[in-house]
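Residue numbers (this note's numbering): 2 to 223. Here's the structure we're looking at; comments come further down.
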Amino acid sequence: VHYNSMDERKVDVAMLYDKNKVEVIDSETITFFFEIENKNTGNYDTTRDVLFSKIKYKGEIINVFIAHLPSKREKDINKPKRTFILNEVRERIMKIVNADKEHVILCGDFNENPDDENLVQILYDNDYEKVLTNPFQQLFSTRNYSTFHYKSGLLYDQIIMSRSLLDNKTLVFQDAHIFNSEKIRSRTRNFEGRPFRTYAGTRYLGGYSDHFPVFVKFKNLQ
């Protein structure tokens, strides 16, 4: 599932799925605009869309939100944008969980760690009841990271889910992981244990990514 976004760097998000196992019922993008100058669309400050897909797997309806939020840079000038986007996504999620009683998965590169304020607040509804769970909080607390910035380990890549997936009768969450096998780790001494990047600036290194993939496991009870 993919849509072209208006991101200024032409970076999109997408969802890859097995059509023999998963049915996509609906999908759409959630687009955000910032700092519109002179009402000229050419001056839109845009970022990557949030991709929403409603899927069916083993008879269960799961609402999937995939995000790649604005990056942390220049004293984190993008934090208000991330907050705005997550607040909008949170409102949609709370409606699905509380009114529609359906499962939710929110995943992607949030450019924030699991203990950052935005990602803690999104777990709770307006009555401060916890409706989402983030298994990557535990991984981060034990110094497991998916990417690095200088000497700092970061866990920006996370998969958050509704608590209904903790005790569901069909599909139940088992555990969360960061995939950091030797094949995709850096081969140089200075960056040992870090992701093997594709580029260092403009220099091609031939690696896979500057982020390790993350994944969660579910157990099928049927």
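A virtual CB, placed ideally from N, CA and C, is assigned to each residue, including glycine.
C-alpha of D128 to C-alpha of E89: approximately 17 Å in a straight line. Counting along the chain, M162 sits inside the beta strand (DSSP E) bounded by residues 158–163. By the neighbour-count definition (other C-beta atoms within 10 Å, threshold 16), S153 is an exposed residue.
In this structure, F85 and P115 do not form a Cβ contact; the two beta carbons are roughly 20 Å apart against a cut-off of 8 Å. Going by beta carbons, Y205 and F197 fall outside the 7 Å limit. Excluding sequence positions up to five before and after G60, its CB lies less than 6 Å from no other CB in the same chain.
A direct Cα-Cα distance of roughly 9 Å separates I78 from S72. In the displayed model, F197 falls within coil according to three-state DSSP, outside both helix and strand. According to the DSSP assignment, Q139 belongs to no beta strand (DSSP E) but to the alpha helix (DSSP H) extending over 137–142.
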